[in-house]
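Taking it in order: structure first as structure tokens, then the write-up.
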Amino acid sequence: ASTQPTLNDYFKSK
Amino acid sequence: MFEARLVQGALLKKVMEAIKELLNEASFDCAHSGILLQAMDNSHVSLVSLNLRREGFDKYRCDRNLVMGMNLSSMSKILKCASNDDIITMKAQDNADTVTFVFESPKQEKISDYEMKLTNLDQDHLGIPETEYSCVIKLPSAEFARICRDLSQFGESIVISCTKEGVKFSAAGDIGTANIKLAQTATVDKEEDAVMVDMQEPVTLTFACKYLNMFTKATPLSPQVCLSMSPDVPLVVEYKIEDIGHIRYYLAPRIGD
């Protein structure tokens with residue numbers, strides 16, 4: 120099965 | 047005082063169609079240079095980044111930076127009241143808690159205004175690093191929408207695989223498998239019909255159909271769409287909005303088989 124990461128895993132909060 | 051008048055009001059209606067399924071609410075950041083919107087969907091899997099430059103408006107005034115939190119379902123209801131050939135003006139006083147939309151028919155015989163309450167949104171802004179992408183694919187936006195729609199019948203995910211030969215979209219599920227290969231076009235009569243691949247290294251990534259299909263709601267904004275991919279980073283799906291700006295969608299790739 121595949122998992123769906125969120126964008127918070129890639130982009131940092133400003 | 048903030049005031050932005052768009053002769054091609056239909057563009058704002060199309061922008062709304064392009065974001066309202068993905069987002070319930072969003073902040074419009076109005077500054078001297080134009081209007082920016084950055085918002086993630088509820089599950090934080092995708093992000094919408096909209097940029098409308100002041101030069102695209104026939105009248106644009108923004109005395110002080112203004113953040114207008116809007117409920118997009120309310121804004122959509124209001125924009126549905128504008129005809130496609132209406133001129134649309136958005137305006138707000140400094141520190142106001144409402145925004146006013148004015149619709150003018152082309153011959154000025156009908157002028158309507160709608161005032162909408164603004165909402166305070168505590169939205170997370172993400173810093174998106176400048177990235178040199180391994181593969182940049184340009185293709186007709188209607189073709190991309192068709193591919194996403196067709197492949198969604200097979201499974202929940204679409205695999206996008208880019209090599210120097212071209213780009214392949216694949217899906218697999220209970221009923222079987224599907225592959226759509228697009229080769230780079232050698233010559234085209236119209237630039238908007240072209241498929242162009244700029245590849246530094248081959249990339250294969252898997253994405254959720256649900257989000258790709260929601261991004262294709264922006265198809266009426268532009269005849270071409272640009273997909274940018276690098277290994278293990280979010281996909282960028284960009285639609286140019288005439289001379290005004292662009293809408294970009296970011297989507298985290300699925301991990302695993």
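Chains L and V supply the protein sequences, listed in that same order. If you number the first sequence the way my numbering does, the last residue is 133 and the count never jumps. If you number the second sequence the way my numbering does, the last residue is 303 and the count never jumps. Cβ atoms here follow ideal geometry from the backbone N, Cα and C, with glycine treated the same way.
Our contact map puts Asp-304 (chain V) next to Pro-152 (chain V) with C-beta atoms below 8 Å; I'd like the distance itself, whole angstroms only. Residue 304 (chain V) falls outside the range modelled here, since chain V spans only 47 to 303, and no answer is possible.
Any 3 or more C-beta pairs closer than 8 Å across the stretch 111 to 124 of chain V and the stretch 70 to 80 of chain V: yes
Limits of the unbroken beta strand (DSSP E) element including Tyr-295 (chain V): 291 to 297
Does any heavy atom of the ligand SAH sit closer than 6 Å to the C-beta of Gly-222 (chain V)? No copy of the ligand SAH appears in this structure; indeed no ligand is present at all.
Cutoff 7 Å: Asp-170 (chain V) Cβ touching any chain L Cβ: yes
Less than 7 Å between CB atoms is the rule here; does Arg-99 (chain V) satisfy it with respect to chain L? no
Which ranges would you report for the beta strand (DSSP E) in the stretch 123 to 192 of chain V if only whole runs of at least 3 residues count? 133 to 138, 144 to 150, 157 to 163, 181 to 186
Buried or exposed for Lys-43 (chain V), going by 16 or more other Cβ atoms inside 10 Å? The structure shown does not extend to residue 43 (chain V), since chain V is modelled only from 47 to 303, so the question has no answer here.
Take Ser-89 (chain V) as the anchor and find which of V:Gln-246, V:Leu-68, V:Ser-207 has the nearest alpha-carbon. V:Leu-68
So which residues on chain L does Leu-93 (chain V) lean against when the C-beta distance must stay under 7 Å? Leu-126
Exposed or buried, which one is Met-47 (chain V) when buried takes at least 16 other CB atoms within 10 Å? exposed
Chain-ordered neighbours of Met-86 (chain V) on chain L, where CB pairs are closer than 7 Å: Leu-126
Buried or exposed (CB count within 10 angstroms, at least 16 for buried), Gln-54 (chain V): buried
Which of helix, strand or coil does DSSP assign to Leu-68 (chain V)? coil
With DSSP as the reference, identify every bridge partner of Asn-225 (chain V), one or two as the case may be. V:Ser-216
Return the chain-ordered list of same chain residues with a C-beta closer than 6 Å to the C-beta of Leu-86 (chain V), the five sequence neighbours on each side being excluded. First, the residue type needs correcting, since residue 86 (chain V) is Met and not Leu in the sequence shown. If we look at Met-86 (chain V) and ignore the five residues flanking it on each side, its Cβ neighbours are Leu-93.
Proximity to Ser-207 (chain V) [Cα-Cα], best of V:Met-245, V:Val-271, V:Thr-177: V:Met-245
Do the stretch 276 to 283 of chain V and the stretch 233 to 244 of chain V make contact, defined as three or more Cβ pairs closer than 8 Å? no
Can at least three beta-carbon pairs, one atom from the stretch 148 to 165 of chain V and one from the stretch 173 to 181 of chain V, be found at a separation below 8 Å? no
Going by beta-carbon coordinates alone, are Val-148 (chain V) and Ala-138 (chain V) separated by less than 7 Å? no
Quick one: Cα of Thr-135 (chain V) to Cα of Arg-100 (chain V), how far? 13 Å
Residue closest to Pro-248 (chain V), alpha-carbon to alpha-carbon, out of V:Gly-212, V:Leu-98, V:Glu-71: V:Gly-212
With a 10 Å radius around its C-beta and 16 neighbouring C-beta atoms as the bar for buried, classify Glu-161 (chain V) as buried or exposed. exposed
Counting only C-beta atoms, is Gly-291 (chain V) closer than 7 Å to chain L at any point? no
Determine the contact status of Leu-118 (chain V) and Glu-71 (chain V), defining contact as a CB-CB distance below 7 Å. yes
Kindly list the residues whose CB is nearer than 7 Å to the CB of Leu-228 (chain V), restricted to its own chain and excluding five residues on each side of it in sequence; keep chain order. Leu-185, Gly-212, Val-213, Val-241
List, in chain order, every chain L residue whose beta-carbon is nearer than 7 Å to that of Pro-280 (chain V). Leu-126, Tyr-129
Going along chain L, which residues have a C-beta under 8 Å from Ile-174 (chain V)? Phe-130
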